[in-house]
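> Note that the numbering used here has the sequence shown beginning at 19, numbered continuously upward.
Dumping the structure here so I can ask a few things about it.
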Amino acid sequence: MKPLNIAAFTAASLFILSACSGDPETSYDTGDAPEAETSAAFADVSDDRLNNAAATPAEWLGYGFDREETRHSPLTGISKDNVGELGVAWTYDLATSRGVESTPIVIDGVMYVTSAWSVVYALDAKTGEELWVYDPDVDRAVGVNACCDVVNRGVALYEGKLYLGVIDGRVEALDAKTGELIWSEVTVDQSKPYTITGAPRVVDGKVLIGNGGAELGVRGYLNALDAETGALIWRFYTVPSPDKQPDGAASDSAFETVGNITWGEEGAWKTDGGGGTVWDSIIYDEETNSVIFGVGNGSPWNQTLRDPSGLDNLFLSSIVAVDADSGEYKWHFQTTPGDNWDYTATQTLIIATLPLGENGADRRVVMQAPKNGYFYVLDAATGEFISGNNYVPVNWATGLDENGRPIEVPEARYAEIPFLQTPGPLGGHNWHPMAFNPDVGLAYIPAQEIPQAYATDPRFQDNSTKWNTGADFAAGVPQVVPSEVFRFLRSGLKGRLIAWDPVAQEARWTVEHDGPWNGGVLSTAAGIVFQGKLNGEFAAYDAATGDELWVRDVKSGAASGPGTYEIDGEQYVTITTGWGSAYLLSAGGVAAPQPVQPTVGKVVTFKVGADGTIPDVDIPLVEATPKADEFGTDDQLAVGLVQYARNCTVCHGPFAVGAGVLPDLRWSSYTSSADAWKGVVVDGNLQSIGMVSFADVLSEDEVEAIRAYVVQQAHNADGINDAIASESGGLQ
C-alpha cells in the first residue's frame, strides 16, 4: 500500500460495543510524502554496526539498542544534575486510541515507530515533523485473534530497508527512506488465529520473526526470512507435529532427540496446535553465532486437557538457542516444565558478562525474568543453569532445585477446586522491556503482582475458535461484587520497578507504583533509569539508589520501552504513549477509577531546557449511566457471568469494568435492546470496525444472558466507584 501523509485524526464514537479488534474511525488524507534529506547510503545498518551499537551511541539501531538488548545507552548528556530540567521537545499524534507498545528506532536523524494495526511512521527525530506514514491496510476483523489488543512493538532496519511484522501474519520490507513497499510475505496460515505483534530482528541477511495466538489454538515457530526477498530460509517449530513426524524444518533433529519424548499421545494439543508461540524476545549472540529466543505458553493452558501425560512438553515456556545460519538446535532451558498457567518465557532476554565463573572470573550469560516469577541466569554458550531466585512473591512453587527446575506446590495443578495463584497469567513481568546497566551490575525489572484463581473449565471444548485456554476465568467470581470485595481485590494489585542484582540474586532497591502495571525501562551511562507508568507518569530514577530524580505527566499510559539518542550535541529521551493492550487494561480496569478518560497515542520526546507542551485529549467521556433496567433470572445471570468471563473479559475487562481502550459495555446503548445486542454479537453488524460475530461459540440464549449480566454490572457500578473513590480521593 502507498505510504500516506496523516492530515487529520477523526475520533468517532469510542463507546459502542466492540470486541478486541474494534477501533475508533480514523481518517487519512493521501499525499506525496517529502523525502528526508539523507545521504545515498541512507539507513545503512550493517551487521557490524549492530554488533557494535555502543560505537554509535547517538543512534538507537535496534529494538533493545544493542545485540545483547541491554537497553543501556552510553549517552551522558542528560545527567543527574540536569535531568530535572527535561522539558517537552516535541510530540506527534499517532492517530489511534488503541494500544501503543513501540520502541522508537532512530537512524540518520529519522525516528521510526509503529502504532496499532501495524502502522509505521517516519519522523524527523529533531523536530517531530512527519516524513512518511505506511499503513499495511489490515482487515479489522483479524483483531479478534489478538490476545492483547492490536499492538506492535516496533521495526528493524538493515541495509536501507525497514522490516515490519503485520498483525495479520505478513512480514513486509519497506524502503527506509521513502516508505515504499519492497516485498510482502505471508508467514502464517491465515485461516488460523495467528498474529504478529513483536519486532523483527535481522542477523546476517536474515529477518527473524515469530508469531502469537496460543490462547486460541496454534502451533508456534520462529522464521528466518531472506532480507532481500522475504523467502523462507529456515523455520524452527517449538512443539512437535501432531503425529510427531518430521516437518522438513530446522527443528526436526531437536524433536527427534529431546522434544517428542516430552509429549504424550493424547490430548487437545493434537488438534489445538500445542502453542509455544515466539511472540517477543529474540536476541543474537555474536560470540557463538546463536539466535536465542523465548517460547510462550501451551495451547490450551490447562495441561490436563492439553496433554494428560503430565510430561514436560518441550519447548513450551523455554529459552532456546539455535545456530543463526541453519536454525539447528543447540540448547534449551525450560523455565516452567509442563506449563499450566500461561507462564511464557517470551519476556526480555539480555546477554551480559558477569563475575560468575571460577574464582569470580567473567562469564557470558543470558538473563531473563519471565512470567513465572523467577529470575534466571544461564550460561549463554551452553544454556547451563547458573542461578535463580524469585523476584516477586510466588506461591505456586517453593523454590528451584539445583538444575533450576521449580519445586511445585501440588495444589497449583488445579482441577475443579480453584487455586488462587501468584503470579497470575499476566506474570510477575510481562512484555514491558527490562534493562541492564553493566556499570552498576543491575537489571531493572518492570514487575507486578496480579494474582489469579485457576480452575479447570468444565465447559472446555477441543477447538481453535476464540479463547480456548481450558481455565475457568469465572471460578470463584460472584455475580455482583460488593464494594469491600472490590477494594480488597484492588489492594492486592501492585506494580514496581525492581533493581535486581543477578549475581547475588536479590533486589538492591524497589520503587512501588500505584496500580498493577508499569512500563518498559531505559538505562543510561549517566546512572539514570527511565520508566513509564500506566497512570501517565514518565519518571527518571537514580540507577544506584532508586531515588526519583524527575517525573512528568505524559497524559496517557506510558507502557512501551523508552529510547534515547543525540542530534547536534543534544540528547533526547523519547517514549510512545497509549494505554497498551486490552488484556493489560482488563487488569487495569480493576485498579483504575471509572469512567476512564480515553487517550490518543503519541510520541513524546524530551530534552534539557525544552518548554513544549503535551496536548490534552479532546474526547468527551461517555455518560456513565445504565441504558437498560435490570432483568434476568438468577440462573440466566449465572450463565451470563460464565460466558462473559470466557468470551468478553479479555477485551472488555473483569466484572464488565472497561478501561478506556475498548468500549465499557456497561454504558453501551446496545444493552437497551435485545435485538440490537444480538445484531452485534450474533449477526456481526459491527464487523467492519472489528467486532466480529460470536455465533460460532455462543447461542442466542447465552448472548442474552451476557446482556443481562452486563446490565446488572452497570447498576452495581456505584459501589465499585465508591470503593475506588475512597482510596483515590475521587474519580478521574
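All C-beta atoms in this analysis are idealised placements derived from N, C-alpha and C, irrespective of residue type, glycine included.
Keep in mind it's a predicted model, so treat the numbers as computed, not measured.
In this structure, what does DSSP give as the bridge partners for serine 202?
Numbered from its first residue, the sequence shown carries residue 202 at position 184. BP columns for serine 202 point to Glu190.
> Between alanine 525 and leucine 552, which are expected to be in contact by the criterion C-beta below 8 Å, what is the C-beta distance as a whole number of angstroms?
Your numbering for residue 525 matches position 507 in the sequence shown. Your numbering for residue 552 matches position 534 in the sequence shown. Contact between alanine 525 and leucine 552 does not hold, since their C-beta atoms are separated by about 21 Å, which reaches or exceeds 8 Å.
> CB glutamine 386 to CB alanine 370, shorter than 8 Å?
Translated into positions along the sequence shown, residue 386 becomes position 368. Translated into positions along the sequence shown, residue 370 becomes position 352. Going by beta carbons, glutamine 386 and alanine 370 fall outside the 8 Å limit.
> Please classify phenylalanine 403: does DSSP put it in a helix, a strand, or coil?
Working through the sequence shown from its first residue, we reach residue 403 at position 385. In the structure shown, phenylalanine 403 sits in a strand (DSSP, three-state: E or B).
> What residues in its chain sit with their C-beta under 7 Å from that of valine 204, if we drop five residues either side in the sequence?
Position 186 of the sequence shown holds residue 204. Gly187 and Arg188, listed in sequence order.
> Taking DSSP as the reference, what is the three-state secondary structure of glycine 40?
The residue labelled residue 40 in the question sits at position 22 within the sequence shown. Low confidence applies to glycine 40: its pLDDT is 42, below 50, so where it sits in the model is not reliable, and the reading given next is rough at best. Residue state, collapsed to three classes: coil.
> At 3 residues or longer, and completely inside the segment 82-127: list those beta strand (DSSP E) runs for me, N to C.
104-111 and 123-125
> For phenylalanine 333, which of Thr289, Asn278 and Glu304 has the nearest alpha-carbon?
As a first step, residue 333 must be located in the sequence shown, where it is residue number 315. When each option's Cα is compared against that of phenylalanine 333, the closest is Asn278.
> Where does tryptophan 78 sit, in a helix, a strand or coil, going by DSSP?
Along the sequence shown, read from residue 1 onward, the residue named residue 78 stands at position 60. Of the three classes helix, strand and coil, the one that applies to tryptophan 78 here is strand, per DSSP.
> Secondary structure at alanine 610, three-state DSSP: helix, strand or coil?
Numbered from its first residue, the sequence shown carries residue 610 at position 592. Reliability fails at alanine 610, whose pLDDT of 40 lies under 50, so the model's placement of it is uncertain and no value is given.
> Can the beta-carbon of phenylalanine 393 be found less than 8 Å from the beta-carbon of tryptophan 518?
As a first step, residue 393 is located in the sequence shown; it is residue number 375 there, counting from the start. As a first step, residue 518 is located in the sequence shown; it is residue number 500 there, counting from the start. It is a contact, given that the beta carbons lie within the stated cut-off.
> Give the straight-line distance between the Cα atoms of aspartate 145 and tryptophan 108, rounded to the nearest whole angstrom.
Residue mapping note: residue 145 aligns to position 127 of the sequence shown, counting from 1. Residue mapping note: residue 108 aligns to position 90 of the sequence shown, counting from 1. Reading the sequence as shown, one finds threonine at residue 145 and not aspartate. So the two alpha carbons sit approximately 6 Å from each other.
> Is alanine 732 buried or exposed, if buried means 16 or more other CB atoms sit within 10 Å of its CB?
As a working mapping, residue 732 is identified with position 714 in the sequence shown. The residue in question, alanine 732, is buried, as its Cβ has 16 or more Cβ neighbours within 10 Å.
> Under a three-way DSSP split, which group does alanine 175 fall into?
For this step, residue 175 is matched to residue 157 along the sequence shown. The displayed chain sequence assigns leucine, not alanine, to residue 175. If DSSP states are grouped into helix, strand and coil, leucine 175 belongs with the strands.
> Between the C-alpha atoms of glycine 607 and proline 672, what's the straight-line distance to the nearest angstrom?
Along the sequence shown, read from residue 1 onward, the residue named residue 607 stands at position 589. Along the sequence shown, read from residue 1 onward, the residue named residue 672 stands at position 654. Because the pLDDT at glycine 607 is just 38, under 50, the model does not fix this residue reliably, and the point stays unresolved.
> Taking 7 Å as the line, does the beta carbon of serine 64 fall inside it for any heavy atom of the ligand FAD?
Annotation note on the ligand FAD: not contained in the displayed structure, which lists no ligands.
> Let me know the secondary structure DSSP gives aspartate 244 once reduced to three states.
Taking the sequence shown and counting its residues from 1, the one referred to as residue 244 is at position 226. In the displayed model, aspartate 244 falls within a strand according to three-state DSSP.
> Quick check on the burial criterion: 16 or more other C-beta atoms within 10 angstroms. Buried or exposed for glutamine 439?
Reading the sequence shown from its first residue, position 421 is the one you call residue 439. Buried is the call here.
> On the DSSP bridge assignment, give the partners of alanine 339 in chain order.
Within the sequence shown, residue 339 is the residue found at index 321, counting from 1. The partner list for alanine 339 (beta bridge, DSSP) reads Ile310 and Trp349.
> To the nearest angstrom, report how far apart alanine 453 and glutamate 87 are at their CA atoms.
Residue 453 sits at position 435 when you count from the first residue of the sequence shown. Residue 87 sits at position 69 when you count from the first residue of the sequence shown. If I take the Cα positions, the gap works out to 8 Å.
> Which residue wins for smallest C-alpha separation from leucine 149, given the options Val156, Ala159, Gly161 and Asp126?
Taking the first residue of the sequence shown as 1, we reach residue 149 at position 131. It is Asp126.
> In chain order, what are the residue ranges of uninterrupted beta strand (DSSP E) at least 3 long that sit wholly in the segment 137-178?
138-142, 148-152 and 174-176
> Quick check: the Cα distance between valine 384 and isoleucine 368, rounded to an integer number of angstroms?
Here residue 384 corresponds to residue number 366 of the sequence shown, with the count starting at 1. Here residue 368 corresponds to residue number 350 of the sequence shown, with the count starting at 1. For the pair valine 384 and isoleucine 368, the Cα-to-Cα distance works out to about 5 Å.
> State the Cα-Cα distance for the pair threonine 651 and histidine 90, rounded to the nearest angstrom.
Residue 651 sits at position 633 when you count from the first residue of the sequence shown. Residue 90 sits at position 72 when you count from the first residue of the sequence shown. A straight-line Cα-Cα distance of about 58 Å links threonine 651 and histidine 90.
> For asparagine 665, which three-state DSSP category applies?
Walking along the sequence shown from the start, residue 665 turns up at place 647. Three-state DSSP puts asparagine 665 in a helix.
> Could you give the distance in angstroms between the alpha-carbon of aspartate 261 and the alpha-carbon of alanine 430?
Locating residue 261 in the sequence shown gives position 243, where the first residue counts as 1. Locating residue 430 in the sequence shown gives position 412, where the first residue counts as 1. Cα to Cα, aspartate 261 sits roughly 30 Å from alanine 430.
> DSSP three-state label for lysine 645, please.
Taking the sequence shown and counting its residues from 1, one reaches residue 645 at position 627. Looking at lysine 645 - three-state DSSP - the assignment turns out to be coil, as it is neither helix nor strand.
> Between which two residues does the beta strand (DSSP E) harbouring leucine 592 extend?
Counting from one through the sequence shown, the residue named residue 592 turns up at place 574. Before going on, a small fix: residue 592 reads as threonine here, not leucine. 588-595 is the span of the beta strand (DSSP E), which, as asked, contains threonine 592.
> Hey, how far is the Cα of proline 122 from the Cα of serine 541?
Translated into the one-based positions of the sequence shown, residue 122 becomes position 104. Translated into the one-based positions of the sequence shown, residue 541 becomes position 523. Distance between the alpha carbons of proline 122 and serine 541 is about 15 Å.
> What are the start and end residues of the beta strand (DSSP E) that includes alanine 465?
Residue 465 sits at position 447 when you count from the first residue of the sequence shown. Alanine 465 -> beta strand (DSSP E) spans 460-467.
> By DSSP, does alanine 671 sit in helix, in strand, or in coil?
Residue numbering aside, residue 671 sits at position 653 when the sequence shown is read from its first letter. Going by the sequence as given, residue 671 is glycine instead of alanine. Glycine 671: coil per DSSP, three-state reduction.
> Which first and last residues belong to the alpha helix (DSSP H) in which asparagine 69 is found?
In the sequence shown, the residue the question calls residue 69 occupies position 51. Where asparagine 69 is concerned, the enclosing alpha helix (DSSP H) stretches over 65-69.
> Among Lys625, Trp414 and Gly676, whose alpha-carbon lies nearest the alpha-carbon of aspartate 586?
The residue you call residue 586 lines up with position 568 of the sequence shown. The shortest Cα separation from aspartate 586 among Lys625, Trp414 and Gly676 belongs to Lys625.
> Applying the criterion that 16 or more other CB atoms from any shown protein chain within 10 Å of the CB defines a buried residue, is proline 451 buried or exposed?
Within the sequence shown, numbered from 1, the residue matching residue 451 stands at position 433. Buried, since its Cβ has 16 or more Cβ neighbours within 10 Å.
> Put serine 690 into one of helix, strand or coil per three-state DSSP.
If you number the sequence shown from 1, residue 690 lands on position 672. Three-state DSSP puts serine 690 in a helix.
> Between which two residues does the beta strand (DSSP E) holding leucine 683 run?
Here residue 683 corresponds to residue number 665 of the sequence shown, with the count starting at 1. Unbroken run through leucine 683: none, as it is neither H nor E.
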